[in-house]
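> Pasting a structure here, questions to come.
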Amino acid sequence: RRSNSFEHVREECRAVRERVGIYDLTPAAKYELSGRGAAAWLARLLATRLPDRPGKIGLGYVATPAGGALCEFTITRLDEDRFYLVGPTIVERHDFDVLTKALPRDGSVNLRNVTAALGAFAVVGLKARDLLASLSDADLSNAAFPWWSARTITVGLASDILALRVNYVGELGWELHHPLNLQNHILEALLEKGETHGLAFVGSRAIDALRMEKSYPAFWRELTREHTLVESGLSRFIDARKPRFVGRERLLEQLAQGVSRRLVLLRMASGEANPYQHETVYHEGNPIGRITSAAHAHCLGDCLAQAYVLAEHAAQGIDVEVAVLGERRPARIVPPSPWDPQSARPRA
48 RRSNSFEHVR EECRAVRERV GIYDLTPAAK YELSGRGAAA WLARLLATRL PDRPGKIGLG
108 YVATPAGGAL CEFTITRLDE DRFYLVGPTI VERHDFDVLT KALPRDGSVN LRNVTAALGA
168 FAVVGLKARD LLASLSDADL SNAAFPWWSA RTITVGLASD ILALRVNYVG ELGWELHHPL
228 NLQNHILEAL LEKGETHGLA FVGSRAIDAL RMEKSYPAFW RELTREHTLV ESGLSRFIDA
288 RKPRFVGRER LLEQLAQGVS RRLVLLRMAS GEANPYQHET VYHEGNPIGR ITSAAHAHCL
348 GDCLAQAYVL AEHAAQGIDV EVAVLGERRP ARIVPPSPWD PQSARPRA
């Protein structure tokens, strides 16, 4: 049921969409990969493409033999054979174990878990560029610093900050990755300059609501071993041209023949109680799937939920029902990313 955090979460969401917000990414799992064989090894491990040149960022997925999502990383190519990987906090040990066990025995690839050594803040929102520009002499324009790219910049008196122009809430913004000994200075500088821009702290519940408005999947919610990358709507990331990677046979089979279930977005009127996870989805009285995550979309006014449903019932516009506390509530399958569907805001 709706808790007393509701109004606070709404204000945090509005701050991001209308002004600028900051959230802490320090707990995120972080790894450095280097060595003469790093690029070739990582390309073989991933079902997806590598960033093609230094300074570029991409999403990387490691698949299971059955095509499920084993690992997810934001991958920054720092040099030809040097990479920075950021993954979900909750699977840090798991992902490090997967990477370690897959390393070549010839020592051509070096892997370091730098989670405890580096901090990170995300600065996101319409005024994110204005705020960072007041603290850095770096060129933050689209021409010099486009979406899905990385640069080393100065923030206040802190130098060598790795700035990644990506975020998890679908707005203009940067992630600022830095040594932990610089964290207090960076935060104090952001807060001081942020006063004039209406800077607000943003918590995990607001982040969850904001990412739902963009239909961004979450690991161990939408992305699991149980569901393949094709079923999860990630077909565009799969590099079918590669001669081999784990899960290739299964994923190519699904790309060619289709799938039996798909991840969809549901929109429904928000109530005092909303779905959260694992609720059953019905069509014409029959169960067709289940909710993986849901949240009240504060900037849209309705509840949004992601769900896996049978493929024959996955078309946009289909009316369904969701079981919430014993009551079946009407919902509709809608196009993904109802907030800024063309992603004009993060490109701004």
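When you read off a place in the sequence shown, starting at 1, and then add 47, the result is the number in the working numbering. Using N, Cα and C, we set each Cβ at its ideal position, and we do this for glycine too.
Looking only at DSSP bridge pairs, what is F168 linked to?
Numbered from its first residue, the sequence shown carries residue 168 at position 121. Bridge partners of F168: D71 and L223.
> Determine the DSSP secondary structure at C118, reduced to helix, strand or coil.
For the purposes of this step, residue 118 is taken as residue 71 along the sequence shown, with counting starting at 1. Strand.
> For C76, tell me which candidate among C60, R140 and Y70 has the shortest Cα-Cα distance.
Mapped onto the sequence shown, residue 76 falls at position 29. The sequence shown places Ala at residue 76, rather than the Cys named in the question. When only C-alpha atoms are compared, the closest one is R140.
> Who are the Cβ neighbours of E58 in its own chain at under 8 angstroms, not counting the five residues just before and after it?
In the sequence shown, residue 58 corresponds to position 11, counting from 1. The answer, listed in chain order, is A247.
> Could you please give the first and the last residue of the uninterrupted alpha helix (DSSP H) stretch that includes I233?
For this step, residue 233 is matched to residue 186 along the sequence shown. First-last of the alpha helix (DSSP H) with I233: Q230 to G241.
> Count the other CB atoms, across all protein chains shown, that sit within 10 Å of the CB of T123; report buried if there are 16 or more and exposed otherwise.
The residue given as residue 123 occupies position 76 in the sequence shown. Buried: at least 16 other Cβ atoms inside 10 Å.
> Going by beta-carbon coordinates alone, are R26 and L234 separated by less than 8 angstroms?
Nothing in the structure corresponds to residue 26, since the chain is present only between 48 and 395.
> Please name the residue, chosen from H325, G318, L312 and S282, that lies closest to Q304 on a Cα-to-Cα basis.
In the sequence shown, residue 304 corresponds to position 257, counting from 1. Checking every option, the nearest Cα to that of Q304 belongs to S282.
> Measuring straight from C-alpha to C-alpha, what distance separates T243 and L187?
Residue numbering aside, residue 243 sits at position 196 when the sequence shown is read from its first letter. Residue numbering aside, residue 187 sits at position 140 when the sequence shown is read from its first letter. Between T243 and L187, the C-alpha separation is close to 19 angstroms.
> Taking only runs of the beta strand (DSSP E) that begin and end inside the region 141-226, which ones reach a length of at least 3 residues, in chain order?
Runs found: 157-160, 165-171, 197-202, 205-211 and 220-226.
> By a C-beta neighbour count over all protein chains shown, 10 Å radius and 16 as the cutoff for buried, is H278 buried or exposed?
As a working mapping, residue 278 is identified with position 231 in the sequence shown. Per the sequence presented here, residue 278 reads as Glu, with His not at that position. Buried is the call here.
> On the premise that A110 lies in contact with L270, defined as a C-beta separation below 8 angstroms, what is that separation, rounded to the nearest angstrom?
Mapped onto the sequence shown, residue 270 falls at position 223. Mapped onto the sequence shown, residue 110 falls at position 63. L270 to A110, Cβ: 11 angstroms. No contact.
> Of the choices A344, S181, I335 and F284, whose alpha-carbon is the least far from that of D366?
Taking the sequence shown and counting its residues from 1, the one referred to as residue 366 is at position 319. The residue with the shortest Cα to Cα distance from D366 is I335.
> By the 10 Å Cβ neighbour count, where 16 or more other Cβ atoms means buried, how is Q353 classified, buried or exposed?
For the purposes of this step, residue 353 is taken as residue 306 along the sequence shown, with counting starting at 1. The residue in question, Q353, is buried, as its Cβ has 16 or more Cβ neighbours within 10 Å.
> Ignoring anything shorter than 3 residues or poking outside the region 288-349, list the beta strand (DSSP E) runs there in chain order.
The region 288-349 contains these whole beta strand (DSSP E) runs: 308-315, 327-330 and 333-343.
> M315 to L351, Cα distance in whole Å?
For the purposes of this step, residue 315 is taken as residue 268 along the sequence shown, with counting starting at 1. For the purposes of this step, residue 351 is taken as residue 304 along the sequence shown, with counting starting at 1. Roughly 7 angstroms between the two C-alpha positions.
> Can you tell which of V369, A361 and W221 has its C-alpha closest to the C-alpha of I380?
Translated into the one-based positions of the sequence shown, residue 380 becomes position 333. With distances taken between Cα atoms, I380 lies closest to A361.
> Measuring CA to CA, which of F292, P322, A210 and G203 is closest to E239?
The count along the sequence shown starts at 1 and reaches residue 239 at position 192. Here the closest residue by C-alpha is G203.
> Among G82, L117 and S52, which residue has its Cα nearest to the Cα of A265?
By one-based count along the sequence shown, residue 265 stands at place 218. For the residues G82, L117 and S52, the minimum Cα distance to A265 belongs to L117.
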